[in-house]
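Reviewing the structure listed below.
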Amino acid sequence: MNYLRLATIFLQEGGTDPVGVPVLVPIAIGIILLLLFLWGLNRNNIPQGEPDHADDHHEPQLHSEPYTETEHHEPAPAELVDEPASRSTAVPVTEPAKPDDLKIVEGIGPKIEGILQAAGIKTFAELAATSVETLVKIVREDAGIRVAFPDTWPEQAKLAAAGEWEALEKLQDDLKGGRRA
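According to the working numbering, the sequence shown is numbered sequentially starting from 108.
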């Protein structure tokens, strides 16, 4: 039966208003939901940096003692003035060690390598000197990566630091995802 014919019968017989939801209500709800969705997508794009006038809100530091004219204008005593260091006593500046590719160690990918480097572990020697407990804390607890198992990482890093690549490859053949199989 046709719904339009049924609606006409009800309107003619009883004189009652049609029962149901007006068409504009679902359209209005849909528009509101669409606007909320778009707002949620763009919410993370709003910059959250410091305002340019942030320093204006700080109160000036006040001295606990009154200012005197001689406070900043007295010359330093001769004993405290540093003489320039001679060239023979200068300490040579050494460059920091170049970071190793820690992804060579089985079980370490690009993300974990970045986490370890952020924690100050950048070379095989540093990784070999780090305890398994410290690695678990860095990777699992601090970074929240639960699928990483750093049990053999120091052992692998020790072989890599010593340049024993064949022994490292043999050890990695026995491992699965960095764990002993």
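The C-beta atom is built at its ideal place from N, Cα and C for all residues, glycine as well.
If you look at residue 274, you'll find it in the alpha helix (DSSP H) that goes 272-280. In the structure shown, the three-state DSSP call for residue 253 is coil.
The alpha-carbon of residue 221 is positioned some 26 Å away from that of residue 277.
Following the DSSP letters along the chain, one finds residue 138 inside the alpha helix (DSSP H) bounded by residues 131-149. By the Cβ neighbour-count rule, residue 272 is exposed, with fewer than 16 other Cβ atoms within 10 Å of its own. Pairing residue 264 with residue 225 gives a Cβ-Cβ distance that is not under 9 Å. Take the alpha-carbon of residue 284 and the one of residue 145: they are about 41 Å apart. With at least 16 other beta carbons inside 10 angstroms of its own, residue 207 counts as buried.
Here DSSP, grouped into helix, strand and coil, assigns residue 229 to coil.
When only Cα atoms are considered, residue 214 and residue 136 end up about 50 Å apart. Listed as beta-bridge partners of residue 287 by DSSP are 282. A residue is called buried once 16 or more other Cβ atoms fall within 10 Å of its Cβ, and residue 141, having fewer, is exposed. Residue environment for residue 248: exposed (fewer than 16 other C-beta atoms within 10 angstroms of its C-beta).
Residue 275 and residue 257 have their C-alpha atoms spaced approximately 15 Å apart.
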